[in-house]
Structures are given as C-alpha cells and as structure tokens.
Amino acid sequence: MPEAPVLQTIDLCKSFGMVKAADAINVAIRPGELVGIVGANGSGKTTFLNIITGYLKPDRGRVLLLGEDRTGLPPRVITKLGISRSFQIPQLYTNLSVLESLLLSVAAEAGRGTGFWQPLHRRHWIDQGLETLDRFGLKPYADRAVSELPEGGRKLLDIALSFALRPKLLLMDEPTSGVSIEDKFQVMDILMKVVEETRLTTIFVEHDMDVVQRYGRRVLAFNDGKVIADGTPGAVLADPEVRKAVLGRA
Ligand SMILES: Nc1ncnc2c1ncn2[C@@H]1O[C@H](COP(=O)(O)OP(=O)(O)OP(=O)(O)O)[C@@H](O)[C@H]1O
Ligand SMILES: [Mg+2]
705 MPEAPVLQTI
715 DLCKSFGMVK
725 AADAINVAIR
735 PGELVGIVGA
745 NGSGKTTFLN
755 IITGYLKPDR
765 GRVLLLGEDR
775 TGLPPRVITK
785 LGISRSFQIP
795 QLYTNLSVLE
805 SLLLSVAAEA
815 GRGTGFWQPL
825 HRRHWIDQGL
835 ETLDRFGLKP
845 YADRAVSELP
855 EGGRKLLDIA
865 LSFALRPKLL
875 LMDEPTSGVS
885 IEDKFQVMDI
895 LMKVVEETRL
905 TTIFVEHDMD
915 VVQRYGRRVL
925 AFNDGKVIAD
935 GTPGAVLADP
945 EVRKAVLGRA
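To get the working numbering, take the position in the sequence shown, counting from 1, and add 704.
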C-alpha cells in the first residue's frame with residue numbers, strides 16, 4: 705500500500721465576512737515532497753497554513769495529518785504530532801543567545817516543559833544544538849544575542865527552531881521575506897540543503913517567482929482562496945491564469 709499523505713486537505717473552506725480566504729482546497733502532500741506555494745497578497749496562503757496548524761478552524765472541510773483526521777485541533781497538539789511551522793515574521797526571544805534559543809526548542813522536543821534551562825548543563829543537548837546551528841550556517845553566531853543577527857540569520861534561526869522539533873512536516877511562511885535580494889538565495893540554499901539532506905516533507909510560501917522556480921519541486925498557485933494550478937514550477941509559472949493572478953501579467 706502506498707504511504708499515506710503527510711498532509712491531505714479535503715474541501716477546506718474559510719471565510720472572513722465576504723472574503724473567501726480558503727475556497728474548497730483539496731491538496732495531498734506525500735512524504736518527502738518539497739512544495740512551494742505562490743499567490744498574490746491576500747490570496748489565502750497564510751490562511752491555508754493557519755488552518756493546517758490549528759490557528760484557524762475551517763468553516764468546512766477536513767485536515768488529515770499522517771492519515772488521521774486532525775481538523776480543528778489546537779496548535780500545540782498539532783506541533784506535538786510533528787507539524788512544525790515558521791512564521792512570516794520570526795517569533796524569537798531577542799535577548800537570548802542564538803544557542804540558548806535553540807536549546808529551548810531542543811528542550812521542548814525532549815518534553816522538558818518548565819525545566820527548560822536544565823539542558824544548558826547537558827552536554828549532549830548543547831552538542832545537538834550546535835549541530836543544528838551548524839546545519840543552518842549559524843554556528844559562528846552561537847553565543848551572540850539573537851538581536852545581533854542580520855535579517856537572513858533571524859529567518860534561518862526561526863526555521864532552525866522548527867527543525868529542532870524534528871518535525872514530520874515543516875511549513876515555512878515566506879522564509880525570505882525581509883531578506884535582501886543578495887542574501888535571498890544564500891538563505892534558500894541553506895534551507896533547501898537541510899530539507900534535501902533530511903528528506904523532510906516541506907511546504908514553503910514564497911512571493912519571489914525566481915526563488916520558487918529554482919527551489920520548488922512542485923508548486924501550488926493560490927488565487928482568491930483557491931488552488932488554481934498544481935504541478936512542476938515550469939508548468940505552473942507558465943500557466944496564463946497563474947501569470948495573470950500572481951504576476952499581474954499575461
Ligand atoms: N484573521 C483574519 N480576519 C479577517 N480577515 C482575514 C484574517 N486572516 C486573513 N484574512 C483575509 O483573508 C484573505 C487571505 O489572507 P492571507 O493572510 O491568507 O493571505 P496571504 O496569501 O498570506 O497574503 P500575503 O501574501 O500578504 O501574506 C485576505 O483578504 C485577508 O485580509
Ligand atoms: Mg501571508
């Protein structure tokens with residue numbers, strides 16, 4: 705039997721007043737897939753991630769995670785199931801050092817709740833934290849305050865925190881937003897290397913078509929809460945409807 709999709713949505717709908725932010729979304733993501741989501745501002749990309757991760761309840765439809773119906777469960781339960789997410793704006797404790805931030809995530813993964821400072825004294829957790837930082841190119845910053853990181857570094861750290869939870873599905877909302885054009889590809893190179901080396905099932909939302917074209921293996925295009933195209937980057941980005949809706953040109 706083929707493996708169950710890591711994520712399957714069935715007829716997902718969510719409206720805010722008159723705005724249909726999710727309009728009958730049917731998507732299945734198989735293990736190991738690397739999927740980019742494109743769409744204009746307000747097309748429903750973040751709403752889709754919010755519904756999957758329990759930040760929003762759908763008006764209708766279902767979310768299956770690893771083959772089980774998990775619709776409407778709260779975010780902390782979804783995280784425990786192995787669905788990890790980074791946000792459009794990184795949510796970091798800027799006063800902590802980069803390594804301390806990471807260790808908090810490692811401690812959370814180990815189920816240490818309130819005793820979270822304990823791992824600071826546990827060599828193997830520190831080593832694990834440093835290994836993760838190294839994967840994300842952040843080891844040289846380990847002892848620096850998070851506030852000292854450049855924007856690209858903050859984005860990488862935010863995603864490293866999600867990664868430290870050893871997720872089965874990683875969701876990234878605009879991993880390069882706010883990062884300078886020169887640094888974008890460097891950030892994506894690091895992220896995609898981690899994803900491919902660990903064969904992590906990943907969905908990333910991205911505005912920049914060049915980034916999607918280069919890194920997506922499969923692309924979903926959103927418009928008005930609907931998936932209007934689903935396929936290889938080449939096919940989706942050449943689709944006239946996508947070009948009109950996403951790029952505003954034919
Ligand atoms: N909590 C909310 N309350 C009211 N309206 C909302 C809410 N969240 C999203 N919306 C609306 O739903 C639509 C989809 O928003 P969403 O944030 O999903 O878009 P997006 O594709 O992520 O856009 P962006 O590229 O700007 O991040 C928009 O019209 C937005 O204004
Ligand atoms: Mg968004």
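Note that beta-carbon positions come from the ideal geometry of N, C-alpha and C, so glycine has one too.
Check whether residue i and residue j have beta carbons under 8 Å apart
i      : j      : result
Ile894 : Gly841 : yes
Thr713 : Val731 : yes
Pro879 : Phe926 : no
Pro735 : Val767 : no
Thr905 : Phe867 : no
Ser851 : Thr798 : yes
Met913 : Leu853 : no
Backbone CA spacing between residue i and residue j [nearest angstrom]
i      : j      : result
Ile793 : Pro944 : 31 Å
Leu857 : Val923 : It should be pointed out that residue 857 corresponds to Gly in this sequence rather than to Leu. So the two alpha carbons sit approximately 26 Å from each other.
Pro844 : Leu716 : 43 Å
Ile830 : Ala849 : 17 Å
Leu769 : Leu873 : 9 Å
Val810 : Leu869 : 7 Å
Val742 : Ser881 : 13 Å
Ser790 : Leu796 : 10 Å
Arg774 : Val781 : 9 Å
Nonlocal neighbours in the same chain, by C-beta distance under 7 Å from residue i, ignoring five residues either side
i      : result
Lys718 : Ala725, Ala726, Thr751, Ile755, Leu760, Pro762, Asp763
Thr818 : Confidence in Thr818 is poor, its pLDDT being 47 and thus under 50, which makes the residue's placement too unreliable to answer from.
Val883 : Glu855, Gly856, Lys859, Val891
Val946 : Ala925, Ile932, Ala933, Val940
Near ligand 1: residue i beta-carbon under 7 Å from a heavy atom
i      : result
Phe908 : no
Asn799 : no
Lys843 : no
Burial state of residue i (16 or more Cβ within 10 Å)
i      : result
Met876 : buried
Glu901 : exposed
His757 : For the record, residue 757 in the displayed sequence is Thr; it is not His. Buried.
Same chain only: Cβ atoms within 6 Å of residue i, ignoring 5 sequence neighbours per side
i      : result
Phe820 : With a pLDDT of 49 at Phe820, under the threshold of 50, the predicted position of this residue should be treated as unreliable, though the coordinate-derived value follows. Result list for Phe820: Leu808, Ala811, in chain order.
Own chain residues within Cβ distance below 8 Å of residue i, not counting five before or after
i      : result
Ala728 : Asp715, Leu716, Cys717, Gly765, Lys930
Heavy atom of ligand 2 within 7 Å of residue i beta-carbon
i      : result
Thr713 : no
Asp912 : no
Short CB-CB distance (under 8 Å) between residue i and chain B
i      : result
Ala708 : Here chain B cannot be found, since the structure has a single protein chain.
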